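Peer 1: So that we are looking at the same thing, I have put the structure below in C-alpha cells.
Residue numbers (the numbering used here): 36 to 136.
Take a look at the structure:
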C-alpha cells in the first residue's frame, strides 16, 4: 500500500462539541428545546438561551479554577440542566463524563 502524507489541516475549522450548540443558536436560535422534567412538568427554552446558560456555566467553572483537560463528572438525569453541563464543560476544553442515576 502506498503511504501518503497530509500537509496542513484537513478541515477549515476544528470540529468541537461546543460548536454544535453555537451553530444551532446561530441558525436556529428561536427554535425551542423541549424536555420533560423529573417532576413531571415540561421545560422549554430556545437555543439562544441554552447557549447563554452554557456559557454562564463555563465562566463559573473557569472562575472556580477548572482548566482545559480537567475531568468533570456529572450525575444527573437527561434534561436541560445536563444538556447545559455537557456543552458548558466541553466549551472550556474540559472533559465531561456523564453519569445517569
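All C-beta atoms in this analysis are idealised placements derived from N, C-alpha and C, irrespective of residue type, glycine included. Since we're looking at a predicted model, the values are computed, not measured.
(1) Is the separation between the beta-carbon of residue 96 and that of residue 134 shorter than 8 Å?
(2) Taking buried to mean at least 16 other C-beta atoms within 10 Å of its own C-beta, is residue 119 buried or exposed?
(3) Which runs of the beta strand (DSSP E) fall wholly inside the segment 48-122 and span at least 3 residues, in chain order?
(4) At a Cβ threshold of 8 Å, is residue 89 touching chain B?
(5) Could you give the residue range of the beta strand (DSSP E) that holds residue 130?
(6) Thinking C-beta only, is residue 79 closer than 8 Å to residue 88?
(7) Among 129, 75 and 77, which one has its Cα closest to the Cα of residue 101?
(8) For residue 53 versus residue 122, is the C-beta spacing smaller than 8 Å?
(9) Run through DSSP, which three-state label would residue 124 get?
Peer 2: Looking at the coordinates:
(1) Within the chain shown, the letter at position 61 stands for residue 96. Within the chain shown, the letter at position 99 stands for residue 134. No; because the gap between Cβ atoms is not below 8 Å, this pair is not in contact.
(2) Mapped onto the chain shown, residue 119 falls at position 84. Buried is the call here.
(3) 67-71, 77-81 and 106-110
(4) Note that chain B does not occur in the displayed structure, where there is just one protein chain.
(5) For the purposes of this step, residue 130 is taken as the residue at position 95 of the chain shown. Here the beta strand (DSSP E) through residue 130 covers 130-134.
(6) Indexing the chain shown from 1 puts residue 88 at position 53. Indexing the chain shown from 1 puts residue 79 at position 44. Going by C-beta atoms, residue 88 is not nearer than 8 Å to residue 79.
(7) By one-based count along the chain shown, residue 101 stands at place 66. Of 129, 75 and 77, the residue nearest in Cα terms is 129.
(8) In the chain shown, residue 53 corresponds to position 18, counting from 1. In the chain shown, residue 122 corresponds to position 87, counting from 1. Result yes, Cβ atoms of residue 53 and residue 122 sit closer than 8 Å.
(9) Position 89 of the chain shown, counted from the first residue, corresponds to residue 124. Residue state, collapsed to three classes: helix.
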